[in-house]
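Per this note's numbering, residue -15 is the first one in the sequence shown, and the count goes up by one each step. All residues carry an ideal CB built from backbone N, CA and C; glycine is no exception. Encoded as structure tokens, the structure appears first; notes follow it.
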Amino acid sequence: MENQKEIIIRPPTGWFNFSLREIWEYRDLIKEFVMRNFKLIYKQTILGPAWLVFNPIITSVIFTFVFGQFAGISTDGVPQFLFYMTGNSLWSLFSTSVQNNSNVFYANVNVFGKIYFPRLATPISQAISCLINFMIQFAALLLFFVFYIVTGSPLAFSVKMLLIPLLLVQTSLLALGVGLIFSALTAKYRDFSFIISLGMQLWMYVSPVVYPMSLTGGWMYKILLLNPMTPILNNFKWAFLGSGSFMLWSWILSFVVTGACLFLGIALFGKVEKTFVDTV
């Protein structure tokens, strides 16, 4: 009896209640959530994870025809299909993570009401799941990259590619922060769940996904710089495809915005989680 430990669970207080130590203690639970997310999406599907590859390929083929062939938008000398698939893959990582986390309260209300665990474990698991999905897509992207090199395209592996992991981490953190902010809004106003889907589509077109930054200028260029995803997408294409130029100062500003979104998202998430189960 003397060696028994007493665990006291208290409700969170204040706006910012985030413990990395507690998150780490529940790492096995996060792992289980990641596995659950993967199984739920591809349960009872014939192709399974292959859809992760087919979706960006089909979208890139459509973009190649519409924006490349029909509209004649430049891709800075990069093969059109590869240019669009590169942008689509990274944007899919961001948008999917944002949309999944924006509905995290309603998607897990039954679990939240039964047992205790740090609620941030669920959005973190969603972010990790999206990153794993991206890695599958990136493997396919590398195959196309090698194919174009073999067929004579002026592409090559470069030391610049070492920046890619950092860009992926920032994309996941920015998506997590934005998703947490939206999760707090949708918990109170369900209308936001409908707005977010449309908003992410509009956000894509003010991001250099289907066009290079070299085509922008003046007021349009300045507006695009306000978008934190702009330097991430631009630098990702620069590191992977060698297209365009490296954007340093706007990337630094994007890091600041990422940190601010993450801080605000965690604060709002912590505020809402106190009363969400009681108000549903």
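Which value, in whole angstroms, describes the spacing of the CA atoms of residue i and residue j?
i	j	result
residue 114	residue 76	9 Å
residue 155	residue 208	17 Å
residue 120	residue 36	7 Å
residue 242	residue 9	25 Å
residue 100	residue 87	19 Å
residue 122	residue 59	19 Å
residue 71	residue 17	28 Å
residue 187	residue 15	31 Å
residue 275	residue 237	Since the first residue of the chain shown is -15 and the last is 264, residue 275 is not available in this structure.
residue 176	residue 6	30 Å
residue 225	residue 244	30 Å
residue 200	residue 53	19 Å
residue -15	residue 98	Residue confidence for residue -15 is low, a pLDDT of 48 falling below 50, so the modelled location carries little weight; the figure read from the coordinates is stated next. Approximately 28 Å between the Cα atoms of the pair.
residue 178	residue 256	20 Å
With a cut-off of 8 Å on the beta carbons, I'd call residue i and residue j a contact; round off their distance for me.
i	j	result
residue 265	residue 147	Only positions -15 to 264 of the chain appear in the structure, and residue 265 is not among them; the question remains open.
residue 85	residue 164	6 Å
residue 227	residue 62	5 Å
residue 151	residue 249	At roughly 20 Å, the Cβ-Cβ gap does not stay under 8 Å, so residue 151 and residue 249 are not in contact.
residue 195	residue 108	Wrong, their Cβ atoms sit about 33 Å apart, outside the cutoff.
residue 167	residue 253	6 Å
Can you list, in chain order, the residues of its chain whose CB lies under 7 Å from that of residue i, leaving out five sequence neighbours each side?
i	result
residue 230	219 and 222
residue 22	113
Measuring alpha carbon to alpha carbon, tell me which of the options ends up nearest residue i.
i	options	result
residue 90	170, 64, 160 and 16	170
residue 111	94, 102, 78 and 98	78
residue 216	197, 204 and 99	197
residue 65	24, 159 and 137	137
residue 240	51, 176, 158 and 50	158
residue 106	245, 20, 251 and 195	20
residue 67	245, 254, 55 and 48	48
residue 13	104, 34 and 43	104
residue 142	135, 130 and 153	130
Looking at the secondary structure, which residues open and close the alpha helix (DSSP H) in which residue i lies?
i	result
residue 243	233 to 257
residue 117	105 to 134
residue 212	Element bounds for residue 212: n/a, residue is neither H nor E.
residue 86	64 to 86
residue 44	34 to 47
residue 167	148 to 172
residue 7	4 to 9
residue 53	Where residue 53 is concerned, there is no enclosing alpha helix (DSSP H), given that its DSSP letter is neither H nor E.
residue 199	Residue 199 -> no alpha helix (DSSP H), and no H or E assigned at all.
Residues in the same chain with beta-carbon distance under 6 Å from residue i, minus the five sequence neighbours each way, listed in chain order, please.
i	result
residue 213	191
residue 133	139
residue 92	106
residue 118	77
With a CB to CB cut of under 8 Å and the five nearest residues on each side skipped, what residues in its chain are close to residue i?
i	result
residue 181	83
residue 41	69 and 124
residue 102	3, 6, 7 and 10
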